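Per the working numbering, the very first residue in the sequence shown carries number 210; after that it's consecutive.
Some notes on the structure that comes next.
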Amino acid sequence: MKDVEKVARLARLALTEEEKENFRAQLSHILDYMEKLQKVDTSSLEATAHPFITKTGWREDQVFPWGETEKILKNSPEKEETFFKVKRVLE
Numbered sequence: 210m211k212d213v214e215k216v217a218r219l220a221r222l223a224l225t226e227e228e229k230e231n232f233r234a235q236l237s238h239i240l241d242y243m244e245k246l247q248k249v250d251t252s253s254l255e256a257t258a259h260p261f262i263t264k265t266g267w268r269e270d271q272v273f274p275w276g277e278t279e280k281i282l283k284n285s286p287e288k289e290e291t292f293f294k295v296k297r298v299l300e
């Protein structure tokens, strides 16, 4: 129960006793499952960055017209020539 209260305090959550008990039970189930996973031999498995085989989302660049520059820049609070002008982010 102390772990739940500590996490709740750090997250600035006000929990009722019923909520604390509910979260304590959930946390206990999660930790029990993690303990089971620790016992699984994974030494023969290759490390992966993602659990699923995925294709890269890369595609060829395509050039297409954006429309009338002046019409687009008309909505900008500040512009310089044909560019949006914004405040400097990095010093």
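Backbone N, C-alpha and C fix where the C-beta goes; we use that ideal spot for every residue, glycine too.
On a predicted model such as this, the values are computed, not experimentally measured, just so you know.
Counted as a single uninterrupted DSSP element, the alpha helix (DSSP H) harbouring Q247 occupies residues E226 to Q247. Under the three-state reduction of DSSP, K264 is assigned to coil, being neither helix nor strand. In the three-state DSSP reduction, K296 falls in the coil class, being neither helix nor strand. Rounded to whole angstroms, the separation of the alpha carbons of F293 and G276 is 15 Å.
Take the alpha-carbon of Q235 and the one of L254: they are about 30 Å apart. In the displayed model, K280 falls within a helix according to three-state DSSP.
Going by C-alpha positions, Q247 is about 45 Å away from D270.
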